[in-house]
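First the structure, in the form of structure tokens, and then the observations on it.
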Amino acid sequence: MSAITPEEIAVLKGNPATAALGEKLEKEIFIPKTRLDEVNEKAKVAQSELDKLKADEAKRLEDVKKATEAKSIEDGKAKEVLQEREKELAESKKQIELLNAKATAYEDSQKKIRENALEKITNKEMKAIAEKLPSVEDVVLFVEQLEANKIITFNGKGRLKDGKDDPPQFKTAREVEDYYRSKGIAQ
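Start counting the sequence shown at 68; every next residue gets the next number (my numbering).
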């Protein structure tokens with residue numbers, strides 16, 4: 068069932084038999100335009116008053132905030148906070164510099180260890196293999212294995228280390244790998 072339209076009410080009011088029903092429906096269903104205008108005007112006034120109150124409250128809060136900040140600055144709290152932050156920043160910078168110095172020293176020592184280990188290798192192919200190893204620990208381990216097996220390393224005096232077996236001579240890297248596999252050194 069749909070709602071009765073104003074046109075249908077006008078038809079009911081126009082017929083003498085249904086005029087009373089049309090009047091009744093018009094009063095019950097429809098709000099007169101004058102009443103709607105009156106309610107809308109009051110709503111607009113209320114909304115404008117509400118907006119004005121909100122703006123006044125926002126301005127009051129902003130004024131309170133500014134006054135609080137001004138008082139804090141006057142009390143020297145802002146200066147204290149700033150000085151404290153500057154101290155923390157200076158300490159952080161010192162720590163960063165110290166850590167950078169330690170990192171540089173560590174990198175230098177690792178570089179020296181790697182260079183010293185590589186200097187012990189006389190065979191060019193073995194040296195090329197060692198130079199390709201990614202970490203200092205790998206290079207040192209590689210040199211230690213070469214020394215343990217009396218393979219192509221110096222004793223620091225420019226001579227080969229003395230050993231029971233003559234150091235094997237390899238022509239290719241493949242021969243080196245095969246030798247290590249046979250000794251169980253390489254995988």
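The beta-carbon is built from N, C-alpha and C at its ideal position, and this holds for glycine as well.
At least one CB of chain C closer than 8 Å to the CB of R181: is that the case?
Among the chains in the structure shown there is no chain C, since it carries only a single protein chain.
Looking at the secondary structure, which residues open and close the alpha helix (DSSP H) in which S249 lies?
Within the sequence shown, residue 249 is the residue found at index 182, counting from 1. Counting along the chain, the alpha helix (DSSP H) containing S249 begins and ends at A240 to K250.
Could you pull out every residue in the same chain whose Cβ sits closer than 7 Å to the Cβ of E42, ignoring the five residues on either side in sequence?
Because the chain spans 68 through 254 in this model, residue 42 falls outside it and cannot be assessed.
In the DSSP assignment, the alpha helix (DSSP H) including K199 goes from what residue to what residue?
The residue labelled residue 199 in the question sits at position 132 within the sequence shown. Note, K199: alpha helix (DSSP H), K191 to K199.
So A215 is in the alpha helix (DSSP H); what residue range does that whole segment cover?
The residue given as residue 215 occupies position 148 in the sequence shown. In the DSSP assignment, A215 falls within the unbroken alpha helix (DSSP H) covering V203 to A215.
Exposed or buried, R181, counting other C-beta atoms within 10 Å across all chains shown (16 or more means buried)?
Here residue 181 corresponds to residue number 114 of the sequence shown, with the count starting at 1. R181 is buried by the Cβ-count criterion.
How is K231 classed by DSSP in three states: helix, strand or coil?
Translated into the one-based positions of the sequence shown, residue 231 becomes position 164. The predicted model places K231 with a pLDDT of 44, which falls under 50 and marks its position as unreliable; any figure quoted below should be read in that light. In this structure, K231 counts as coil in the three-state DSSP scheme.
Could you check whether V206 and A197 sit closer than 8 Å to each other, using their CB atoms as the reference points?
Within the sequence shown, numbered from 1, the residue matching residue 197 stands at position 130. Within the sequence shown, numbered from 1, the residue matching residue 206 stands at position 139. Contact flag set, yes.
Residue ranges of each alpha helix (DSSP H) run of no fewer than 4 residues wholly in the segment 86 to 133, ordered along the chain?
86 to 96
If contacts are defined as beta-carbon pairs under 8 Å, then V210 and A168 qualify, I think. What distance do you get, rounded to the angstrom?
In the sequence shown, residue 210 corresponds to position 143, counting from 1. In the sequence shown, residue 168 corresponds to position 101, counting from 1. Contact doesn't hold; Cβ gap of about 29 Å is too wide.
What does the alpha-carbon distance come out to for the pair Y247 and K179?
The residue labelled residue 247 in the question sits at position 180 within the sequence shown. The residue labelled residue 179 in the question sits at position 112 within the sequence shown. Those two C-alpha atoms are separated by around 27 Å.
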